[in-house]
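Residues in the sequence shown are numbered from 0 upward in steps of one, following numbering that gives the first Met the number 0. All C-beta atoms in this analysis are idealised placements derived from N, C-alpha and C, irrespective of residue type, glycine included.
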Amino acid sequence: MRQFAQQLSKYDPINGVVEGARPAIERRLSDLKGVFADERAYEAALAEADSLVYTTYCVAPEEGDGAMLYCIGKFMPGRIGAEYYMTKGHIHSRPEAAEFYFGLHGQGVMLLEDEASGDSRLLPLRPNGAIYVPGHTAHRTFNTGDEPLTYLSVVAATAGHDYEVIAARGNFRQVVVEVDGQPTMIDRASYLQSLSR
Ligand SMILES: [Fe+2]
Numbered sequence: 000m001r002q003f004a005q006q007l008s009k010y011d012p013i014n015g016v017v018e019g020a021r022p023a024i025e026r027r028l029s030d031l032k033g034v035f036a037d038e039r040a041y042e043a044a045l046a047e048a049d050s051l052v053y054t055t056y057c058v059a060p061e062e063g064d065g066a067m068l069y070c071i072g073k074f075m076p077g078r079i080g081a082e083y084y085m086t087k088g089h090i091h092s093r094p095e096a097a098e099f100y101f102g103l104h105g106q107g108v109m110l111l112e113d114e115a116s117g118d119s120r121l122l123p124l125r126p127n128g129a130i131y132v133p134g135h136t137a138h139r140t141f142n143t144g145d146e147p148l149t150y151l152s153v154v155a156a157t158a159g160h161d162y163e164v165i166a167a168r169g170n171f172r173q174v175v176v177e178v179d180g181q182p183t184m185i186d187r188a189s190y191l192q193s194l195s196r
């Protein structure tokens with residue numbers, strides 16, 4: 000007979016903590032080298048403090064094909080130059096795996112980039128909103144507000160994370176910066192050019 004997996008866990012939508020989760024993954028500024036376009040602003044911020052950017056707890060009751068897992072992320076507010084604090088960003092090791100994100104608290108956006116066409120979309124990640132990330136789509140999350148952002152993600156347990164594909168081609172094609180108080184997508188090359196002026 001099939002063993003029952005851990006079928007109930009409890010999460011805190013404000014503090015982003017989950018009981019019964021795997022050990023939390025913490026990402027500090029020093030873990031995000033090469034992520035921000037404005038390297039001078041990044042080095043200056045890092046010299047001041049190696050601030051905590053986000054913490055992720057994941058609950059994976061089962062492994063293998065057909066199993067699912069969920070994660071809750073708590074994301075601190077902050078900026079590097081005009082860029083919002085952001086995640087490393089990834090595609091899935093099994094690139095066909097899609098994923099749902101649900102906003103729980105705070106204000107954020109997600110950048111979705113189609114791997115084949117390079118087409119990019121910026122979507123709001125807010126309480127009462129769900130974002131569907133299709134397969135073969137790189138995704139990155141940003142906290143655009145002044146308070147912690149928490150969100151829940153649900154994905155196939157075998158999806159995995161691939162950071163190398165994005166690192167190998169430089170980064171996401173678009174940067175997300177604050178323009179007139181609004182999160183705005185700008186072509187990376189144009190943004191880098193504006194920084195060197
Ligand atoms: Fe993902």
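Taking just the CA atoms, how far does residue j sit from residue i?
i           : j           : result
residue 55  : residue 172 : 25 Å
residue 42  : residue 144 : 23 Å
residue 105 : residue 71  : 13 Å
residue 5   : residue 60  : 5 Å
residue 195 : residue 110 : 24 Å
residue 176 : residue 185 : 7 Å
residue 146 : residue 140 : 15 Å
Any C-beta of chain D sitting closer than 8 Å to the C-beta of residue i?
i          : result
residue 42 : Among the protein chains of the structure shown there is no chain D, as only one such chain exists.
Please name the residue, chosen from the options, that lies closest to residue i on a Cα-to-Cα basis.
i           : options              : result
residue 183 : 149, 50 and 83       : 83
residue 160 : 195, 20, 93 and 35   : 93
residue 240 : 39, 99, 44 and 75    : Because the chain spans 0 through 196 in this model, residue 240 falls outside it and cannot be assessed.
residue 134 : 29, 91 and 190       : 91
residue 124 : 156, 73, 115 and 170 : 73
residue 44  : 78, 9 and 119        : 78
residue 13  : 163, 169 and 150     : 150
By the DSSP assignment, the beta strand (DSSP E) with residue i in it spans what residues?
i           : result
residue 152 : 148-155
residue 60  : Where residue 60 is concerned, there is no enclosing beta strand (DSSP E), given that its DSSP letter is neither H nor E.
residue 125 : Neither: residue 125 is in no beta strand (DSSP E) and is coded neither H nor E.
In terms of residue numbering, what span does the alpha helix (DSSP H) encompassing residue i cover?
i           : result
residue 193 : 187-195
residue 71  : No alpha helix (DSSP H) contains residue 71, which is instead part of the beta strand (DSSP E) from 67-74.
residue 90  : Element bounds for residue 90: n/a, residue is neither H nor E.
Per the DSSP calculation, residue i is bridged to which residue(s)?
i           : result
residue 131 : 99
residue 137 : 112
residue 176 : 82 and 183
residue 104 : 149
residue 162 : DSSP, once it has assigned bridges, lists no residue as partnering residue 162.
residue 7   : The partner list for residue 7 (beta bridge, DSSP) is empty, contrary to what the question assumes.
Next on the checklist: Threshold first: 4 residues or longer. Then list the alpha helix (DSSP H) segments lying entirely within the stretch 11-50, N to C.
Outcome noted: 38-47
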